[in-house]
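Written below as structure tokens is the structure these notes are about.
Chains as they are written, first to last, in this note's numbering: chain A, 180 to 435; chain B, 180 to 435; chain C, 180 to 435; chain D, 180 to 435; chain E, 180 to 435; chain F, 180 to 435; chain G, 180 to 435; chain H, 180 to 435.
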């Protein structure tokens, strides 16, 4: 559409129907989005294998139904995060083909199996962090990555972590999920030369302050190679891990 | 320049030197800023009577000298905020015509007197807040507003504030600067039907937590009509007050 | 009544029934409010087109019923904010003519349509902020402003915001509602020379800390022209926007 | 009992059954509490007109029943604070003579009317703070003080506060309850030369942070003569007000 | 002056030179402050034995000189708090009769000895809190109270506090200064039936957070009868203690 | 298994089937865990009299059932902390021999009575802290310690604490549980030369901030000999107390 | 003295000069401290091998001189912590025999060598924490413990920590000092069955918030057996470690 | 050395001088680090082109001198971060070949030029953030990456950012440095499908709280693909960017 507008304008200039000066004037006020959208769309092409991700909270059930319907209609990949139990029930009743990942609180639709690439390893120290681990795992798989999950490798029992090191060396990116004191990312980054995405969780009590303790710990990780996402943000970690894992070969060439 | 680029392109299309399709391709990659800048510049024309404001901290003295020189050369209005004493000394030695407002920590240059419009009243409760009051006052005057300052009208002595109410009713906007418990904006907004811009200050000690106490108080003002800027941000309050005071008549018409 | 008291006193002085000295003594102790109220009332006359706004929480249903009844009786405009679902049900059953705005949690009564003046634009980035957006919108309309709402223009997709800029330039005041990182007000204030009232919302999770993240971000907005109201305070933003939008022409004259 | 122990010991010394040296040795290890308790009891005599105050939360219903029963049995004055609705129901069913103050969440028993002394004034700005106001009022009355309550005298409407000043001057102590920005204590302390006990409340939202905002504001009160108790602590304010109100004449004499 | 204005007006009414209606109109606009100031002045008469207290920080040396000079000229009592060493030096050079209390950072002038009334006891746990203790002591003495100071009676050594209890029972008000864990006020309030004004201090390190730890502890004092002033606010504690100590006999009579 | 691997390797070297160089190469890549696990197991032998402790939250009922079943099967000691009421009901129905400690929210199984060693004293100030006290008590008993509990010995009534001092001197470790201002550990550590483990509790309200107030107070304890565990962490205190109480005689000898 | 008073009283009873009843009356008012002090002194006898520890900050140089002089005079053991460089210089000039530990900021005097008992191990991750490590080490040695220090064993390089485990197993108590993310205590407590005293340090920057990050991490340690002292409190850790290390055999017997 | 130990042992087994069982026993106690170090070293080989990075603060000048000397001796690459001006002066005097990057506060030594790979783009909004930008830039270059720096592309002026988008698309990783409201990472991540490493800076004032505002904003970034490092941690961002940029092709194979 926008390209059409622009092509029409240029063709009218080419046909002499519009003076360059008048075209210039029209172009000056051409709404931003049109050019902008085109270009953004263009580079968005790189994301073509990524499902759309819908943030569940704050949306009414009927809003969610409309969104889901429009995706299923076109058989597009879809992920809805942090869905409330009520919304899950209503959506599954209406769209029984949706996949529901209970502990991850995710609803998804994958049109067809795609080949997974590159290993993303997800580590955590205990069962309390499983909802976040699962959110990261399901998202990372939807995003087309090979995923390996290791739970129960917390700092208080490094004899369980150390034997996994050789296996972990095969991962391209590590997602480390931890509540409590949030020390696992430092430990892992000290053992492995791979990007570590640290996810603090809100599990804990008292001076944990709903994830503040592991968040601060991770931001202060003494081993370099660690960056942190929001508390309980398994999706965000998976998204970034996927961007890193699927980073294309070095881009060459010039820009206009 | 950018208009030149665009005009050249259109003229090449008009002359048949460039096909519409090829022109379309070039346009797609035309840097955003060029069109963007033009349009932004256009609406920035409304700001034409405002001096440029330079944030002092983090700039070296030699960087500041270059900036000031470039403004003075073109006789453009200029304000530099939060200038360190060392920078002030160096700049005044090199540019003796600069105006220096010591308590406001401002250096300025006003090419010519402009007629001030609309009254902006600045209120505060005590001498400790004077640096912020002065920053607001000098900025508001540079921005072309009539300014009246009332200090010593704190909540602990409302008998000093109440007799000023009739005078304050003539102001179009009120900037209320307060440290300690930050209660003055509520009081003023309860007395007057005017927009109140609240400026918390960091003066105080102990549970003041460098301005956190008045900041929170102001955000919780029980009288409506109050909005808050950053702690000690006299400049920001003056800028917003000026935008409000000089708000043009209702805009009519259509956009492209 | 108070004027009556005062007039009686003066008439007794005029009739010689009361010496000036005795009248002076009585006046000295005349309760403040009487004089005060009169004067405040006087300047409150400016607010005459504003409905009364009742803060819902902390009031029992029976207290709310009494308040609503007394307004409806006199056919006065009325807004009740943050009403609990139970109170809504009880009040609507008793006063079926009340308007109920569900997402905004507002109950209102508007005696008659008034002509709306000046455009207030309300922007937000997503559906999660809709309750706050709606509170601001309904309030602003009750307060007599023309309102335009743009949701889905968050910082992560500026290609959706940029094409709206020309339209936004017609607004006299901008209310920008944002949760998450709260960056939208900076972006908007950088694009437009209009007062921006920033409303942080509590939507988000983890390191959002119930709105603390966007609140701090907005207070630190690098673009001037922004002031902030309390988290989720759509009503407060609408009230201030209305004060700004309906600011009378510059006041001239002297005070008594 | 303890006095018995001691008397026995002394009588054994008097009868020559115990040498002074052996008695000395026994006394050295006499448990502290015995002597201590006696003395504390003695000075506790000053509190004789105060009912016992039981903190409700954390106690099971059956524990509360035992406590209440033991007081009623001896017809002793009693106050139970912050009682849960379930506990209230159970206790009233069992002890129907208990007085229940719903908004204050207090259960009480007063053996007989006592003459109230000295005026304690309780001020607040709105209906949201009523539970705390009521807790303070009921407690202060139980503690034997004359109490006057003024609600709806917030900072945003000082025309309602000012006419009450002459009446307030008759109070010996002022309890000022405020949520939101917590500014009322400063205002009151600036108007009156009386001890002001400030009670921040948790009513409010967003940047109120459950009473942190008014707490900090009150601690920073710019008018001297203000001290602060815990958020929502109406009981504590009443207790301190009562201590001040009933302060005996200056104590003379020496200590042992 | 204001009384004059009012008397003239009333006399003109009495003489028939002004109609009651016209007088009413004039009175309506009579500035607030005039009546207000008179009344406030009136009740301020109660404070007549209190020296004026000037808050030092934020005032330039030359501003302080002017203030001090104006007080000394009239031989009025004066206290300047938190004076910087530079200001002290400059002021003492110019006004050698000023009393300087180094540890309390106070400069004062007392025209004549006044008889001290009622005992205010000041307690603290260690030498680190001495500057605050001294500020409280000097202020309380200037305000006309008898003062007794007990340092070194911290919670970690209650064997030093307990023997002082009989002496402390003679005090009418207790100021308890404490840093570290701030536990002393609870202990003291548990031992004595007197109003306890708690002053947290900023001495300490680490998780003391500049006085936050003792501030929170004191607000949570489990013994009733405690209220808290700002961190390090020895002056505020002394002021309130003085108000309590010198509370007049119960006020009788009616208000207009 | 691992020892087997290693022994095989060494035997192959001894038999000349493997050159030392090749064995070296194999050893270099021998997984960490194998050696590591063995050694850790070895020193874990010291813990043999401790029951396993399972953290309840975040585990589903069916996960808990599996864990409990596997312990009961082998008649191993077991403790599950912070069990939700639903889980308790389900587990007790399935495993009726489990011991349930309601106030401590603990489920446990003790195969056989063991002789308790060394006295651990647990102190607290009131009934609100009982859940934490009980968690500490039950755990400490399961861990094989003699335990004595003293509640109702808060700082506001030291006459109840002091007579217990001689008895407390017989304890080897003291666990001091306190909410509110958290002052009890300082007091106790000032009276007794024993390690004090301080447990802040979340009971309280307002400026208690869910246990932050006592946590900070305890970290700032002015009496040395105090260390702090997480808010409400009765289990952690019991575990550490047990480690201290059962500390073996000084270890002699060398390490490899 | 007090014993004298008491003995006199008992002898007067024995001689029949005083009736038991009158003696009882006198005893009731016998100041607390006298008995109290005696008893406290008694149990303080257990501390006899510990040097006195003086907290340096807040004391003037002349106060420190007096304290030091009084100790040296009697050749008593002495430690002064956190001494400022000025105080150090002045004290060393006057008392050249004092030992000065620069990095620990400690001044000390040890009358004679004592035999050290039981191993206290101090671990830390880097050179930045050395001042705290040194404070802990020097104090622990003064308190009569054998001390071993391991720096450079942080979580980011567990290959440096693991080989030390056998050696660490010989320690009776572990002091673990850590800044940054504060994860070392969890790791150590997971490896060793010994009491771990965790000391967060203020070294770090940004989201370390002067030690808040490691403090919270340590309070949330997922491995049990850890308790925490104040940020940078090396002395406190050493004191507690010493209490634990030198804990006497289980106390038997009864109390009076 | 360790390999020697191990080889000797194996050779003794091979020669029959040591039984496999005895060798097993010796191996069991072989310190961890030896095997461990070897393996870690092995995988550390991947880091071979990375210079060692020394954290400057907390190290004395003489310690730094020793470290630098040992690196220069072996001509190893070296970076020292956050060096104090005094240390810089001392080190440059002694080691004049060191490169000093003043704004980045870095001292470095690069043995030889290496070919830079893959583009890392560093963006920031203003000159105040330059020290952090420079730290990131110098580190990223030392680590062997091609680096492009864009300052002055803040959210308040997106017309300066948008035209750079095509150039930025060539970067493999983006480091986004921002103080104030910290909104730039969201904006950038919304425009580009590349990993964004967000670095909050402490520049700002008031409610910036030394970088807390941008830190929280970045953790709440509404655009996915963002992770955050510590405030002002330019080095950490460069290290992680380098790990991502130089991520090897997908690893295949098995582990031992």
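No residue lacks a Cβ here, since even glycine has one placed at the ideal position from N, Cα and C.
Keep in mind that this is a model prediction, so the values were computed, not measured.
Residue span of the beta strand (DSSP E) that contains residue i, given as start and end
i	result
residue 296 of chain C	296-303
residue 279 of chain F	278-280
residue 325 of chain D	324-329
residue 354 of chain H	352-357
Interface partners of residue i on chain H, CB under 9 Å
i	result
residue 307 of chain G	234, 236, 237 and 238
Minimum C-alpha distance to residue i - residue among the options
i	options	result
residue 172 of chain H	A:328, A:403, A:336 and A:199	As displayed, chain H neither begins before 180 nor continues past 435, which places residue 172 of chain H out of reach and without an answer.
residue 375 of chain B	C:325, C:407, C:187 and C:327	C:407
residue 260 of chain E	E:328, E:344, E:253 and E:418	E:418
residue 276 of chain B	B:333, B:248 and B:264	B:248
residue 312 of chain E	E:382, E:271 and E:197	E:382
Euclidean distance between Cα positions of residue i and residue j
i	j	result
residue 285 of chain B	residue 287 of chain H	38 Å
residue 370 of chain H	residue 335 of chain C	7 Å
residue 227 of chain G	residue 322 of chain G	In this prediction, residue 227 of chain G scores a pLDDT of 40, lower than 50, which makes its location untrustworthy; no coordinate-derived value is stated.
Residue i - containing alpha helix (DSSP H), residue span
i	result
residue 272 of chain B	264-273
residue 406 of chain E	Residue 406 of chain E -> not in any alpha helix (DSSP H); beta strand (DSSP E) instead, spanning 405-407.
residue 243 of chain B	240-252
residue 285 of chain H	Where residue 285 of chain H is concerned, there is no enclosing alpha helix (DSSP H), although the beta strand (DSSP E) it sits in stretches over 285-288.
Contact check, residue i vs residue j, beta carbons under 8 Å
i	j	result
residue 392 of chain E	residue 324 of chain F	no
residue 318 of chain F	residue 304 of chain E	no
residue 195 of chain A	residue 193 of chain B	yes
residue 373 of chain G	residue 351 of chain G	yes
Chain-ordered chain E contacts of residue i [CB-CB under 8 Å]
i	result
residue 279 of chain D	Chain E residues near residue 279 of chain D: none, gap ~22 Å exceeds 8 Å.
Interface partners of residue i on chain E, CB under 7 Å
i	result
residue 415 of chain D	403
Neighbouring residues, chain G, relative to residue i (Cβ below 9 Å)
i	result
residue 260 of chain E	The premise fails here: residue 260 of chain E is roughly 19 Å from chain G at the closest Cβ pair, so nothing lies under 9 Å.
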